[in-house]
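The opening residue of the sequence shown carries number 1 in UniProt numbering; numbering runs sequentially from there. Idealized CB from N, CA, C, for every residue including glycine.
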Amino acid sequence: MSVLEVKNLKKSFGTIHAVQDISFTVDTGEVFTIIGPNGAGKTTTLEMIEGLVPPDQGDIKFGELNWDKHSNAIKQKIGIQPQSSAMFDLLTPEENITLFASFYEKARSTDEILQLVNLTDHRNNHVKKLSGGQRQRLAIGLAMVSDPEIIFLDEPTTGLDPQARRNIWDIILQLKQLGKTTILTTHYMEEAEKLSDRVCIIDQGKIVTLDTPSALIEKLTDEREVRLSFLDGEDAAEDANHFSKNLTSVIRTEREETLLKLWTTNPEDTLYDLFGFTKEKNYQVEQVSIREMSLEDVFIAFTGKEWRD
Ligand code: ATP
1 MSVLEVKNLK
11 KSFGTIHAVQ
21 DISFTVDTGE
31 VFTIIGPNGA
41 GKTTTLEMIE
51 GLVPPDQGDI
61 KFGELNWDKH
71 SNAIKQKIGI
81 QPQSSAMFDL
91 LTPEENITLF
101 ASFYEKARST
111 DEILQLVNLT
121 DHRNNHVKKL
131 SGGQRQRLAI
141 GLAMVSDPEI
151 IFLDEPTTGL
161 DPQARRNIWD
171 IILQLKQLGK
181 TTILTTHYME
191 EAEKLSDRVC
201 IIDQGKIVTL
211 DTPSALIEKL
221 TDEREVRLSF
231 LDGEDAAEDA
241 NHFSKNLTSV
251 IRTEREETLL
261 KLWTTNPEDT
271 LYDLFGFTKE
281 KNYQVEQVSI
291 REMSLEDVFI
301 AFTGKEWRD
């Protein structure tokens with residue numbers, strides 16, 4: 001069952017068409033992730049859905065509710081992770097949660113929220129003394145105070161170290177177990193791949209593809225990445241690079257020092273031809289691998305842009 005339906009959303013800022021005709025639905029209990037290059041329109045899309053930015057055109061429906069007629073009801077239904085700056089640094093996590101809870105008619109207990117975001121041990125420390133990961137966990141806790149059905153998390157792990165990031169993943173998975181719906185944006189592909197039920201890739205204000213991570217990867221199955229590293233240095237790798245570009249099975253290539261990466265529709269034929277070439281030239285290949293495709297490959301294939309971390 002869908003909890004959110006977005007239809008033909010559009011938003012321009014002067015001559016910048018930030019969002020150009022975006023439509024999707026989000027189902028109850030799913031983690032729905034929006035990814036895209038810088039300036040793709042992710043934040044603008046989220047802010048329109050959250051009721052913070054009015055769309056120029058389009059419909060946003062939470063079940064039967066819309067912002068024009070039912071804004072109070074929607075506000076009880078959704079939770080938005082606040083910016084760090086919205087927290088009170090001189091208060092404790094417990095005090096921040098209690099304060100936020102006082103804004104709502106119904107709220108989860110402070111103890112429950114602290115437990116959910118694993119901050120019980122830090123409940124009495126001042127927020128300004130918390131680490132980046134702890135602050136982000138508190139921000140998710142604050143989004144949860146009204147016990148919303150849908151939680152919006154805009155890049156909740158940006159800038160965190162891998163362990164702190166994983167702690168946030170655990171919370172997102174717990175929210176899912178509680179039956180909550182999460183709408184997420186992230187800069188980390190691994191995160192999108194691990195957490196999401198569905199991933200929506202946006203580029204230049206438009207959806208370029210939307211599906212489960214595995215279905216998106218399967219769409220690329222005719223393309224595999226082959227890697228070869230050369231013992232004879234960069235010239236050998238470049239020579240092989242030049243040779244590969246002329247093979248009909250090879251889609252594109254990249255060379256990084258002595259490593260040659262190529263994307264091919266037929267790894268067997270490509271390797272057969274390449275080994276013929278290296279044998280003829282007497283080049284020594286140190287390592288060969290055929291890599292599984294990942295969401296990062298999907299991103300590059302659909303947007304033509306490198307992923308940034
Ligand atoms: P990032 O990953 O860098 O956060 P994003 O995908 O969230 O990017 P948006 O922040 O939605 O992208 O921005 C989309 C485009 O709209 C960008 O070109 C941005 O500069 C522009 N934009 C966003 N908000 C405004 C605004 N208030 N005024 C003018 N231009 C804006």
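Here's the rule I'm using: 16 or more other beta-carbon atoms within 10 Å means buried, otherwise exposed. How should residue i be labelled?
{"i": "V199", "result": "buried"}
{"i": "A101", "result": "buried"}
{"i": "T185", "result": "buried"}
{"i": "D297", "result": "buried"}
{"i": "F85", "result": "Correcting the residue type first, residue 85 is Ser in the shown sequence and not Phe. Exposed, since its Cβ has fewer than 16 Cβ neighbours within 10 Å."}
{"i": "K1", "result": "Per the sequence shown, the amino acid found at residue 1 is Met instead of Lys. Flag for M1 reads exposed."}
Determine which residues share a DSSP beta bridge with residue i and list them.
{"i": "V285", "result": "F230"}
{"i": "K261", "result": "R227 and E254"}
{"i": "S12", "result": "H17"}
{"i": "R198", "result": "F32"}
{"i": "L4", "result": "V26"}
{"i": "K206", "result": "D203"}
{"i": "R137", "result": "Note: R137 sits in no beta bridge, so no partner."}
{"i": "K61", "result": "E5"}
Is residue i near residue j, with beta carbons less than 8 Å apart?
{"i": "E5", "j": "F152", "result": "no"}
{"i": "E193", "j": "S294", "result": "yes"}
{"i": "residue 347", "j": "I150", "result": "Residue 347 falls outside the range modelled here, since the chain spans only 1 to 309, and no answer is possible."}
{"i": "L262", "j": "T253", "result": "yes"}
{"i": "F277", "j": "A237", "result": "no"}
{"i": "I207", "j": "I22", "result": "yes"}
{"i": "V117", "j": "I140", "result": "yes"}
What I want to know is whether the C-beta of residue i ends up closer than 7 Å to one or more non-hydrogen atoms of the ligand ATP.
{"i": "I16", "result": "yes"}
{"i": "K42", "result": "yes"}
{"i": "G58", "result": "no"}
{"i": "F299", "result": "no"}
{"i": "G63", "result": "no"}
{"i": "F230", "result": "no"}
{"i": "N125", "result": "no"}
{"i": "F243", "result": "no"}
May I have the straight-line CA-CA distance separating residue i from residue j, to the nearest angstrom?
{"i": "E95", "j": "I74", "result": "25 Å"}
{"i": "D170", "j": "Y283", "result": "48 Å"}
{"i": "S289", "j": "L175", "result": "38 Å"}
{"i": "M144", "j": "G304", "result": "37 Å"}
{"i": "G39", "j": "H17", "result": "10 Å"}
{"i": "D273", "j": "T248", "result": "11 Å"}
{"i": "I97", "j": "V19", "result": "34 Å"}
{"i": "R291", "j": "G14", "result": "44 Å"}
{"i": "I172", "j": "D197", "result": "12 Å"}
{"i": "Y188", "j": "F32", "result": "14 Å"}
{"i": "E105", "j": "S146", "result": "8 Å"}
{"i": "Q233", "j": "R227", "result": "Rather than Gln, the amino acid found at residue 233 in this sequence is Gly. Going by the C-alpha atoms only, they are around 15 Å apart."}
Is any beta-carbon of chain D found at less than 8 Å from that of residue i?
{"i": "G133", "result": "Among the chains in the structure shown there is no chain D, since it carries only a single protein chain."}
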